[in-house]
């Protein structure tokens, strides 16, 4: 009986690992492929059957990709835009989520519904209108243009409001009894209690901001203001594309995100599993 | 690749939105979405002509120093050559005109940005553009007829097909600039080894393809641009493609054309390129014997261990070759800027600057006189691609632009791909493509 169970356990473990390993390979293969492609020669890239690893790694691809556009400058710009939008998003989201979940003010429901209603409009629909606004404000070619329109998000506000609502009211009342101000309650109780959700929001925003392409392209004109994703199209023309250079540039583009992930993976995984979100 | 797809979908969405935004707009943009190009051409005349009449001729010499912005999509080496020529102009012109080049990424990005900027009334002074991008904002383009008539060094020197393309809307809306054409790139070593000659007709293609298939078991030919090959093949067979009313090839000639194409694919003589997008890599690896692609792509072919040959496109009843590459349009509304921009256009299309551009980039000269310079002749001696392009310059045709043309261009490739996967017969090809084209109107 116990031996049977043991065998059963072993089989279950093997199956579990098999599925996990399969899933891991499935997820990691595109990354491996990207990295190995970035080190191949153009002819190795299209070789049939394909080779997983290049014969001699072509590090020169990175050199060439780096030279093709001012990537250092792009990197700084991307970093500035990502940091500023993420900080902005966190401030606006936390404040408004707190207001919607805990405070009472006239028209709260209407305002919240209006927020929700904006979720129904695809962002792409707003892009031209926003672009016109930016032109009229004479913000073209500035960090403002890339940051300000993205420092609040109805979706994140909705999400965090839901989380804040789950915090029992008794905590709030208890804090009130102790003469805790609303702001202090928010900072000391609400934010720490929901840090995973807030973390998820930050991560999601960092990813989308890091990868943003169309908006930065629209509102900037000079090379000094462009971001990393704009640099990738430099290797494509009407008649061909240097895939190995695109891959090298892509590696440079995702590396910072991967490094962030490695450092923060504990929080990210917690945040994602707890909040039921994924990027 | 992923980026490309995302780019494409964003582009599609952005276009849709700009249409919508256009509807809600005040004055100028409201004509954008659904007016026929022919009607639109009348509209801008009134506002533009006031500035234009005063513009060219003798008064042209009173240009105040100004800055002109030029949006382009030239990357890599192309951008360096363009920058060099522009710097020369900036340093040498007597009026203190400064042209600022603004790189807007790839063609798709430039198209998106132009469309968005048209809706937002924020167009640059000059921009590269394909004709079929322009229909939604044709009313914002400066008519160049008077400039050309009064202040251009011999418009007749410009290759005829380019002149036609640039006056497609009933007025001269652009000056041709970075022009290329589709040519047949082939593996000369492989053909020599098998004792095959370069195909000049469809029958040659079929014969060579069979020989290559028998000997090497690889496809003979591929087409980078599936919409382009359908259009070119129809012309080569003496059939018409499309016009503003719909598909024009639902007949015997159309069926013949698709018999030729479907046979090539169904026998494995032709193949699709797949995720790579371009055959330049495939031929570099000697996995195909030849392909039809833009002459601008020659630098992407790495002929290591084999020799590259370039030939005009094989014909059937006729010879016909697609032209590719953009023209430069002017949007500047200020009359002084128009004059300044025109000085720049004259400079970069002059025989001398054009020769430099063509030799530096591999694009085709737009002027006959540039073809005849000693410098370009020497270039053609060494450059098989340039020579082949020149040889077929008389066979150029351009794709007509009308409201549905952009949609047709984007629909036909996926339709053809599906037909190839299905191994469909010629009649199915004809019916499906006719249907797909007509659905865009």
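Chains as they are written, first to last, in this note's numbering: chain A, 7 to 285; chain B, 802 to 1242.
Virtual Cβ for every residue (Gly too), placed ideally from N, Cα, C.
Keep in mind that this is a model prediction, so the values were computed, not measured.
In chain order, what residues of the same chain lie with their CB nearer than 8 Å to the CB of residue 864 of chain B, ignoring the 5 residues before and after it?
On the second chain, position 63 is the one that residue 864 of chain B refers to. Hits under 8 Å: 896, 898, 1137, 1140, 1141 and 1144.
Buried or exposed (CB count within 10 angstroms, at least 16 for buried), residue 994 of chain B
In the second chain, counting from the first residue as 1, residue 994 of chain B sits at position 193. Exposed: under 16 other Cβ atoms inside 10 Å.
Are the C-beta of residue 74 of chain A and some C-beta of chain B separated by less than 8 Å?
Reading the first chain from its first residue, position 68 is the one you call residue 74 of chain A. For residue 74 of chain A, the answer is yes, since a Cβ of chain B falls inside 8 Å of its Cβ.
Less than 8 Å between CB atoms is the rule here; does residue 276 of chain A satisfy it with respect to chain B?
The count along the first chain starts at 1 and reaches residue 276 of chain A at position 270. For residue 276 of chain A, the answer is no, since every Cβ of chain B falls outside 8 Å of its Cβ.
With distance defined between alpha-carbon atoms, name the residue in A:114, A:155 and A:47 nearest to residue 132 of chain A.
Stepping through the first chain from its first residue, residue 132 of chain A is reached at position 126. When only C-alpha atoms are compared, the closest one is A:155.
The segment 259-273 of chain A in contact with the segment 901-910 of chain B per 3-pair CB rule at 8 Å
no
Would residue 41 of chain A count as contacting chain B if we go by Cβ distances under 8 Å?
As a position in the first chain, residue 41 of chain A is number 35, starting the count at 1. Residue 41 of chain A does not count as touching chain B.
Please decide whether residue 48 of chain A counts as near chain B, where near means a Cβ-Cβ distance under 8 Å.
Taking the first chain and counting its residues from 1, the one referred to as residue 48 of chain A is at position 42. Chain B contact via Cβ: present.
Which chain A residues sit within Cβ distance under 9 Å of residue 1108 of chain B?
If you number the second chain from 1, residue 1108 of chain B lands on position 307. The contacting residues do not exist; residue 1108 of chain B stays about 15 Å from chain A at best.
What alpha helix (DSSP H) runs, 4 residues minimum, are completely inside the segment 916-1000 of chain B?
932-935, 946-951, 961-967 and 989-994
Cβ distance (whole Å) where residue 1122 of chain B is taken to contact residue 983 of chain B below 8 Å:
As a position in the second chain, residue 1122 of chain B is number 321, starting the count at 1. As a position in the second chain, residue 983 of chain B is number 182, starting the count at 1. Indeed, because the Cβ distance is near 6 Å, the residues count as touching under 8 Å.
Which of helix, strand or coil does DSSP assign to residue 1048 of chain B?
Position 247 of the second chain, counting from 1, holds the residue named residue 1048 of chain B. It is a strand residue.
Report yes if the C-beta distance between residue 1239 of chain B and residue 1048 of chain B is below 8 Å; otherwise report no.
Taking the first residue of the second chain as 1, we reach residue 1239 of chain B at position 438. Taking the first residue of the second chain as 1, we reach residue 1048 of chain B at position 247. Yes, the Cβ-Cβ distance between residue 1239 of chain B and residue 1048 of chain B is below 8 Å.
Straight-line Cα distance separating residue 1189 of chain B from residue 989 of chain B:
For the purposes of this step, residue 989 of chain B is taken as residue 188 along the second chain, with counting starting at 1. For the purposes of this step, residue 1189 of chain B is taken as residue 388 along the second chain, with counting starting at 1. Rounded to the nearest angstrom, the two C-alpha atoms are 14 Å apart.
Once the 5 residues before and after residue 1031 of chain B are set aside, which same chain residues still bring their CB inside 7 Å of it?
Counting from 1 along the second chain, the entry for residue 1031 of chain B is found at position 230. These residues qualify, in order along the chain: 1213, 1217 and 1234.
Looking at chain A, which residues of the segment 863-885 of chain B have a Cβ within less than 7 Å of any of its Cβ atoms?
876 and 877
Nonlocal neighbours in the same chain, by C-beta distance under 6 Å from residue 63 of chain A, ignoring five residues either side
Here residue 63 of chain A is taken as the residue at index 57 of the first chain, counted from 1. Cβ within range, chain order: 45.
8 Å Cβ cut-off: residues of chain A touching residue 1083 of chain B:
The count along the second chain starts at 1 and reaches residue 1083 of chain B at position 282. Those within 8 Å of residue 1083 of chain B in chain A are 52.
Beta carbon of residue 1174 of chain B, beta carbon of residue 932 of chain B: below 8 Å?
By 1-based counting over the second chain, the position of residue 1174 of chain B is 373. By 1-based counting over the second chain, the position of residue 932 of chain B is 131. Cβ atoms of residue 1174 of chain B and residue 932 of chain B: not closer than 8 Å.
Which residue comes first and which comes last in the alpha helix (DSSP H) that contains residue 1036 of chain B?
To locate residue 1036 of chain B, count along the second chain from 1; it is residue 235. Looking at the DSSP string, the run of the alpha helix (DSSP H) that includes residue 1036 of chain B is 1027-1037.
Note down the Cα distance separating residue 18 of chain A from residue 8 of chain A, rounded to an integer number of angstroms.
On the first chain, position 12 is the one that residue 18 of chain A refers to. On the first chain, position 2 is the one that residue 8 of chain A refers to. Distance between the alpha carbons of residue 18 of chain A and residue 8 of chain A: 15 Å.
So, is the C-beta of residue 234 of chain A closer than 8 Å to a C-beta in chain B?
In the first chain, residue 234 of chain A corresponds to position 228, counting from 1. Not closer than 8 Å to any Cβ of chain B, the Cβ of residue 234 of chain A fails to qualify, so no.
Between the beta-carbon of residue 99 of chain A and the beta-carbon of residue 163 of chain A, is there less than 8 Å?
Position 93 of the first chain, counting from 1, holds the residue named residue 99 of chain A. Position 157 of the first chain, counting from 1, holds the residue named residue 163 of chain A. A contact, by the Cβ cut-off of 8 Å.
How should residue 222 of chain A be labelled, buried or exposed, when 16 other C-beta atoms within 10 angstroms of its C-beta is the threshold for buried?
Translated into positions along the first chain, residue 222 of chain A becomes position 216. Buried: at least 16 other Cβ atoms inside 10 Å.
How about residue 137 of chain A: is its C-beta nearer than 8 Å to some C-beta of chain B?
In the first chain, counting from the first residue as 1, residue 137 of chain A sits at position 131. Yes, its Cβ sits closer than 8 Å to a Cβ of chain B.
Please list, in chain order, all residues of the same chain as residue 992 of chain B whose beta carbon is under 6 Å from its beta carbon, the five residues on each side excluded.
As a first step, residue 992 of chain B is located in the second chain; it is residue number 191 there, counting from the start. If we look at residue 992 of chain B and ignore the five residues flanking it on each side, it has no Cβ neighbours.
With 16 as the cutoff for other CB atoms within 10 Å, does residue 1183 of chain B come out buried or exposed?
Mapped onto the second chain, residue 1183 of chain B falls at position 382. With fewer than 16 Cβ atoms within 10 Å of its Cβ, residue 1183 of chain B is classed as exposed.
Against chain B: residues of the segment 125-159 of chain A by CB proximity under 7 Å
130, 131, 133, 134, 135, 137, 138 and 141
State the DSSP-derived secondary structure class of residue 1054 of chain B, mapped to helix, strand or coil.
Indexing the second chain from 1 puts residue 1054 of chain B at position 253. Helix, per DSSP.
Can you list, in chain order, the residues of its chain with a C-beta nearer than 6 Å to that of residue 1181 of chain B? Leave out the 5 residues immediately preceding and following it.
By 1-based counting over the second chain, the position of residue 1181 of chain B is 380. The residues are 1187 and 1188.
Who does residue 216 of chain A pair with in a DSSP beta bridge?
Residue numbering aside, residue 216 of chain A sits at position 210 when the first chain is read from its first letter. Looking at the DSSP assignment, residue 216 of chain A forms no beta bridge with any residue, so it has no partner.
What is the DSSP secondary structure of residue 45 of chain A, reduced to helix, strand or coil?
Position 39 of the first chain holds residue 45 of chain A. The answer is coil: DSSP assigns residue 45 of chain A none of H, G, I, E or B.
Endpoints, alpha helix (DSSP H) assigned at residue 237 of chain A
Looking up residue 237 of chain A in the first chain gives position 231. Element bounds for residue 237 of chain A: 234-238.
Between residue 1157 of chain B and residue 964 of chain B, what straight-line distance do the alpha-carbon atoms span, to the nearest angstrom?
Locating residue 1157 of chain B in the second chain gives position 356, where the first residue counts as 1. Locating residue 964 of chain B in the second chain gives position 163, where the first residue counts as 1. Going by the C-alpha atoms only, they are around 21 Å apart.
Coil, strand or helix - residue 52 of chain A by DSSP
Stepping through the first chain from its first residue, residue 52 of chain A is reached at position 46. Here residue 52 of chain A sits in coil by DSSP.
Quick one, which residues of the segment 905-926 of chain B are near chain A if we go by CB-CB under 9 Å, in chain order?
905, 906, 907, 908, 909, 910, 913, 914, 916, 917, 918, 920, 921, 922, 923 and 925
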